[in-house]
Structures are given as C-alpha cells and as structure tokens.
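Visitor:
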Amino acid sequence: MSDIFRNNLDNIKLEIDLFGNRVEKLSMKDRIGFLPISIWQPDWSITNKLKDIVGDSGECRELREGSGNQRTTNLKVNTFGYQLFSSIFNPHLAQMILSAYCQPKAKIYDPFAGGGTRGFIATAMGHEYTGREIRQNEIDRILEQQKKLGVGFNIECGDAQDEPPKRDYFDFSYTCPPYYNLEIYSGLDNDLSNAPDYFQFLLGINKVMQSVWYSLKPGALSIWVVGNFRDKKGNLNHFNGDIANIGLRVGFYLHDEIIFWGAAGNAVQRCGQFEANRKSVRVHEYILIFRK
Numbered sequence: 002m003s004d005i006f007r008n009n010l011d012n013i014k015l016e017i018d019l020f021g022n023r024v025e026k027l028s029m030k031d032r033i034g035f036l037p038i039s040i041w042q043p044d045w046s047i048t049n050k051l052k053d054i055v056g057d058s059g060e061c062r063e064l065r066e067g068s069g070n071q072r073t074t075n076l077k078v079n080t081f082g083y084q085l086f087s088s089i090f091n092p093h094l095a096q097m098i099l100s101a102y103c104q105p106k107a108k109i110y111d112p113f114a115g116g117g118t119r120g121f122i123a124t125a126m127g128h129e130y131t132g133r134e135i136r137q138n139e140i141d142r143i144l145e146q147q148k149k150l151g152v153g154f155n156i157e158c159g160d161a162q163d164e165p166p167k168r169d170y171f172d173f174s175y176t177c178p179p180y181y182n183l184e185i186y187s188g189l190d191n192d193l194s195n196a197p198d199y200f201q202f203l204l205g206i207n208k209v210m211q212s213v214w215y216s217l218k219p220g221a222l223s224i225w226v227v228g229n230f231r232d233k234k235g236n237l238n239h240f241n242g243d244i245a246n247i248g249l250r251v252g253f254y255l256h257d258e259i260i261f262w263g264a265a266g267n268a269v270q271r272c273g274q275f276e277a278n279r280k281s282v283r284v285h286e287y288i289l290i291f292r293k
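As structure tokens, this is what we get:
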C-alpha cells in the first residue's frame with residue numbers, strides 16, 4: 002500500500018535486466034500508477050483500504066431530505082426511517098490527483114477540509130497540507146484521527162470565503178466544495194450549504210475561489226472535484242459549468258478536465274427508475290484543473 006504514495010511524475014522506477022543493466026521504467030502507468038486519459042476510475046480495493054485509514058464515515062453531515070441526490074457513497078437511516086446518503090471523498094481519487102498533478106513535497110491548500118481525506122492522503126505522500134474548515138466539531142474529529150494514526154497536518158477553523166491563510170505561498174490546491182444544500186453540514190449562517198438560494202451559494206463559491214487564487218503561487222494548479230446535481234424539483238444544476246465560469250472570472254485558466262467515474266456498484270440498481278422519470282443515473286463527477 003505504501004508504494005502508491007510514492008507515485009508521481011518524478012518517480013522513475015528502475016529495474017535490473019538479465020545483464021545487470023539498470024533499466025528506467027518511463028511509462029506513465031509505472032510512474033503515476035494509471036494511464037492519464039480523460040476518464041478515470043478508482044481501484045476499489047485500494048479505495049477500501051484507504052477508507053479504513055482516513056476514517057471518514059460522514060457522521061458530521063447528512064443528506065437534506067427531498068434533494069434527490071445521486072452523489073451517494075454512504076448509506077444512513079434517519080430517525081424517520083428514510084434512507085439517506087452522505088458523500089465521502091474517494092481517497093484513491095485524492096492519491097491519483099496528487100500523483101498526476103502535484104510536484105513532490107508541495108505546500109497544499111484546501112479551502113473545504115472537512116472529512117480529512119485529502120489531508121491524510123497528502124500527508125502520507127509527503128506534502129505539507131493546510132486545510133480550512135468551518136466546523137470546530139469536524140476539526141476535533143479529524144484531530145482525533147490524526148492522534149490514532151500518529152500523523153499531523155494543519156487544519157484551522159475558519160471561513161473559506163475570507164482571506165487566505167497566506168498569499169502567493171502555496172504550490173498546489175485541491176478540494177471538493179459543498180453541493181449547494183444537498184447535505185446539511187451545520188447551522189452556521191456562513192456555511193455555504195445554508196445559502197438561501199443557488200445564486201447566493203455561487204456568490205459564496207466565487208469568494209472562496211478568489212481566496213484560493215490569492216493563496217497560490219503564479220503557475221500553480223488548483224483542482225476542484227465537482228458534479229452536476231438535481232434540485233428538489235428534479236431540475237439539473239450544471240455545477241460543473243458554473244465552477245468553470247467562476248474560476249475564469251477570478252483569474253484562473255482552465256488547464257484540463259477529467260471525468261471521474263467513481264460510483265459504487267449499487268448505482269445500477271437505480272436504473273429501473275428511468276422508465277418512470279427519463280433521468281439517467283449519474284455515476285460520474287468532473288475534475289477541473291485550473292492554473293493561476
């Protein structure tokens with residue numbers, strides 16, 4: 002398992018052939034662990050092992066009832082007996098992103114650090130991670146997990162819409178923002194999941210992206226994992242396109258875009274609903290790579 006944490010473009014593996022010659026393995030798959038094509042899929046055996054380390058079970062958030070969310074990886078049942086799901090960032094995706102796009106020993110900033118997945122994976126891969134999280138109870142949970150694992154990274158309680166912790170300092174940023182009001186994170190007024198409408202939510206995201214832009218060194222990459230989602234009326238919000246447009250407005254360039262097909266196997270069970278609603282089952286998200 003520890004071998005995957007050494008994967009990056011600078012990692013050129015060596016083998017000794019039958020004649021004692023040192024042979025460099027230069028293929029992309031040897032160096033980063035997968036082929037850098039425009040559709041990525043996780044290795045679920047790796048994902049499950051990493052989930053045990055990260056320890057995020059989604060207990061600090063819950064699905065807002067009636068949202069119609071299909072971004073589902075973690076089943077819950079609430080007090081009324083409804084089945085709810087909360088999203089958990091795929092830890093293998095975090096490892097893949099850092100292997101492909103992040104230079105070794107980078108200073109990384111994450112404006113939405115809840116869950117802790119990206120912090121634990123970044124630290125395991127030798128990076129200096131700084132995360133910002135609005136909920137103190139979630140920070141306390143992550144700090145407890147750090148103690149269990151004997152690792153540490155910086156996570157501060159604060160609003161990602163505010164000024165960045167440091168300007169022109171970080172080498173890299175990766176994050177996954179809240180999907181508007183699909184999940185309940187807290188009752189805090191400045192929690193973006195409590196925005197009164199989608200437009201106000203996007204204004205908050207604009208402030209966060211501006212803060213991230215200020216935090217990065219020129220030329221640095223900022224990666225956002227997002228997906229389109231349906232509102233309570235079943236209408237599709239093109240969150241992917243909205244994030245791309247906001248990034249361009251704050252000064253980023255859109256460097257690349259990847260489709261992440263990361264749905265668990267139970268997604269196909271919902272395909273039977275298509276005849277009734279003519280709505281496809283969403284099994285993918287987007288990885289948007291911005292460059293300052």
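The numbering of the sequence shown is the working numbering, which starts it at 2 and goes up by one. Even glycine gets a Cβ: it sits at the ideal position worked out from N, Cα and C.
#1: If you draw a straight line from the C-alpha of residue 42 to the C-alpha of residue 122, how long is it?
#2: Since residue 172 and residue 221 should fall inside the 8 Å C-beta cutoff, what is the C-beta to C-beta distance between them, to a whole number of angstroms?
#3: Please classify residue 29 as buried or exposed, where buried requires at least 16 other C-beta atoms within 10 Å of its C-beta.
#4: To the nearest angstrom, how far is it from the Cα of residue 102 to the Cα of residue 36?
#5: Tell me, to the nearest whole angstrom, how far the beta carbon of residue 191 is from that of residue 160; I am working on the premise that it is less than 8 Å.
#6: Could you check which residue in 127, 114 and 164 has the C-alpha nearest to that of residue 152?
#7: Cβ atoms of residue 100 and residue 229: under 7 Å apart, would you say?
#8: Starting from residue 289, trace the beta strand (DSSP E) in both directions and tell me its first and last residue.
#9: Indicate the three-state DSSP secondary structure (helix, strand or coil) for residue 139 in the structure shown.
#10: Considering Cα atoms alone, identify which of 111, 39, 234 and 138 is closest to residue 165.
#11: Counting along the chain, where does the alpha helix (DSSP H) carrying residue 256 start and finish?
#12: Counting along the chain, where does the alpha helix (DSSP H) carrying residue 276 start and finish?
#13: Using a Cβ-Cβ distance cut-off of 7 Å, determine whether residue 174 contacts chain B.
#14: Could you compute how far the alpha carbon of residue 142 sits from the alpha carbon of residue 17?
#15: Between residue 247 and residue 202, what straight-line distance do the alpha-carbon atoms span, to the nearest angstrom?
#16: Quick check on the DSSP output: the beta strand (DSSP E) that includes residue 221 runs from which residue to which?
#17: How far does the beta strand (DSSP E) with residue 130 in it extend, from its first residue to its last?
#18: Per DSSP, what are the beta-bridge partners of residue 191 in this structure?
#19: Do residue 286 and residue 253 have their C-beta atoms closer together than 7 Å?
#20: Can the beta-carbon of residue 293 be found less than 7 Å from the beta-carbon of residue 219?
#21: Kindly indicate which residue of 169, 144, 55 and 154 has the alpha-carbon position closest to the one of residue 118.
#22: So, are the CB atoms of residue 89 and residue 57 less than 7 Å apart?
#23: In chain order, which beta strand (DSSP E) runs of at least 3 residues are fully inside the segment 164-209?
#24: By DSSP, does residue 6 sit in helix, in strand, or in coil?
#25: Where residue 14 and residue 22 are concerned, what is the direct C-alpha to C-alpha distance, given to the nearest angstrom?
#26: Helix, strand or coil for residue 69 per DSSP?
#27: Given this structure, state the Cα-to-Cα distance separating residue 200 from residue 91, to the nearest angstrom.
#28: Where does residue 153 fall in DSSP's three states?
Guide: With the structure as the only source:
#1: 18 Å
#2: 6 Å
#3: exposed
#4: 13 Å
#5: 5 Å
#6: 127
#7: no
#8: 285-292
#9: helix
#10: 111
#11: No alpha helix (DSSP H) contains residue 256, which is instead part of the beta strand (DSSP E) from 254-262.
#12: Its alpha helix (DSSP H) spans residues 275-278.
#13: In the structure shown, chain B cannot be found, because there is only a single protein chain.
#14: Residue 142 and residue 17 have their alpha carbons spaced roughly 46 Å apart.
#15: Going from the Cα of residue 247 to the Cα of residue 202 covers about 12 Å.
#16: 217-227
#17: 129-134
#18: Beta-bridge pairing links residue 191 to no other residue.
#19: Contact: no.
#20: yes
#21: 55
#22: yes
#23: 171-176
#24: helix
#25: C-alpha separation (whole angstroms): 13 Å.
#26: Its pLDDT being 46, under 50, residue 69 is placed unreliably by the model, and the measurement read from it follows with that caveat. In the structure shown, residue 69 sits in coil (DSSP, three-state: anything other than H, G, I, E or B).
#27: 28 Å
#28: coil
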